[in-house]
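Trainee: End of the sequence shown = 1483 in the numbering used here, gap-free, step of one. Ideal Cβ placement from N, Cα and C applies to all residues, glycine included. Since we're looking at a predicted model, the values are computed, not measured.
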Amino acid sequence: MKLLVHDLTEKEFKKLFSSVPRDIVILSQTQRIHPCIGCFGCWVNTPAYCIIRDDYQQLGDVFSKVSEMILISKCCYGGYSPFVKNVLDRAIPYMLPFFETRNNSVNLSKRYDNRIHVSAHFYGEHISSEEESIASKLVEANTININGSGCTVAFYCDKSALKGVML
């Protein structure tokens, strides 16, 4: 299964992606999401499930069934848009509350056996080479942290160029 997380408006998304394969779960701003409060209840009180009651409470379980995650985000100073960042923050129940060293960095231990390939597609009118470098390193670090199988990163001058993204 694939997971698509995007910050496009519903109108923009429909214009760019008229047909979406059935095996894709789409997370967008149309669902109700609250920010992670850093309580670690998903590790202590309700393992693998967020204690915040909204449409993203079972995000850890969703991640456990995914083999590929496609991120479409405005590039914000070399990072994700607030919505995409919020979704990734709320995915912490996907991991265990233990640490291990991978690729010379300390990361969370995996809770599930699946490995997710991450492809990130950043858009923005004037993305600098420094922002591209920061965003690429961020996606790579996030992929390592979730024990992903690899990542690809692409940059686009405007949203219309996203039409070529393979879903």
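Would you decide whether T1459 is buried or exposed? Buried here means 16 or more other CB atoms lie within 10 Å of its CB.
Mentor: For the purposes of this step, residue 1459 is taken as the residue at position 143 of the sequence shown. Buried is the call here.
Trainee: At what residues does the beta strand (DSSP E) containing A1477 begin and finish?
Mentor: The residue you call residue 1477 lines up with position 161 of the sequence shown. Taken as a continuous stretch (DSSP letters only), A1477 belongs to no beta strand (DSSP E), as it is neither H nor E.
Trainee: My output table needs one value for F1399: the three-state DSSP class, helix, strand or coil.
Mentor: As a position in the sequence shown, residue 1399 is number 83, starting the count at 1. Helix, per DSSP.
Trainee: Report the residue from Y1472, Y1428, I1462, N1463 whose alpha carbon sits nearest the alpha carbon of S1445.
Mentor: As a first step, residue 1445 is located in the sequence shown; it is residue number 129 there, counting from the start. Comparing Cα-Cα distances from S1445 to each of Y1472, Y1428, I1462, N1463, the minimum goes to Y1472.
Trainee: Would you decide whether P1363 is buried or exposed? Buried here means 16 or more other CB atoms lie within 10 Å of its CB.
Mentor: By one-based count along the sequence shown, residue 1363 stands at place 47. It is exposed - the Cβ of P1363 has fewer than 16 other Cβ atoms within 10 Å.
Trainee: Within this structure, are the beta carbons of I1432 and E1384 separated by less than 9 Å?
Mentor: Residue 1432 sits at position 116 when you count from the first residue of the sequence shown. Residue 1384 sits at position 68 when you count from the first residue of the sequence shown. Yes; because the gap between Cβ atoms is below 9 Å, this pair is in contact.
Trainee: For Y1428, is the beta carbon positioned less than 8 Å from some heavy atom of the ligand MG?
Mentor: This structure does not include the ligand MG; it has no bound ligands of any sort.
Trainee: Who are the near neighbours of F1415 in its chain, counting only those whose CB is closer than 6 Å to its CB and skipping five residues on each side?
Mentor: Taking the first residue of the sequence shown as 1, we reach residue 1415 at position 99. Around F1415: V1422.
Trainee: Measuring only the C-alpha atoms, how far is C1467 from N1461?
Mentor: As a working mapping, residue 1467 is identified with position 151 in the sequence shown. As a working mapping, residue 1461 is identified with position 145 in the sequence shown. Taking the straight line joining both Cα atoms gives about 12 Å.
Trainee: Helix, strand or coil for T1468 per DSSP?
Mentor: Locating residue 1468 in the sequence shown gives position 152, where the first residue counts as 1. Here T1468 sits in strand by DSSP.
Trainee: Just the C-alpha distance for A1470 and C1358, rounded to the nearest angstrom, thanks.
Mentor: The count along the sequence shown starts at 1 and reaches residue 1470 at position 154. The count along the sequence shown starts at 1 and reaches residue 1358 at position 42. So the two alpha carbons sit approximately 32 Å from each other.
Trainee: Measuring only the C-alpha atoms, how far is H1442 from K1390?
Mentor: Position 126 of the sequence shown holds residue 1442. Position 74 of the sequence shown holds residue 1390. When rounded, the distance between both Cα atoms is 11 Å.
Trainee: What residues in its chain sit with their C-beta under 6 Å from that of Q1345, if we drop five residues either side in the sequence?
Mentor: Taking the first residue of the sequence shown as 1, we reach residue 1345 at position 29. Same-chain partners within the cutoff: F1399.
Trainee: Which whole runs of the beta strand (DSSP E) in the segment 1323-1375 are 3 residues long or more, in chain order?
Mentor: Within the segment 1323-1375, the complete beta strand (DSSP E) runs of at least 3 residues are 1340-1343.
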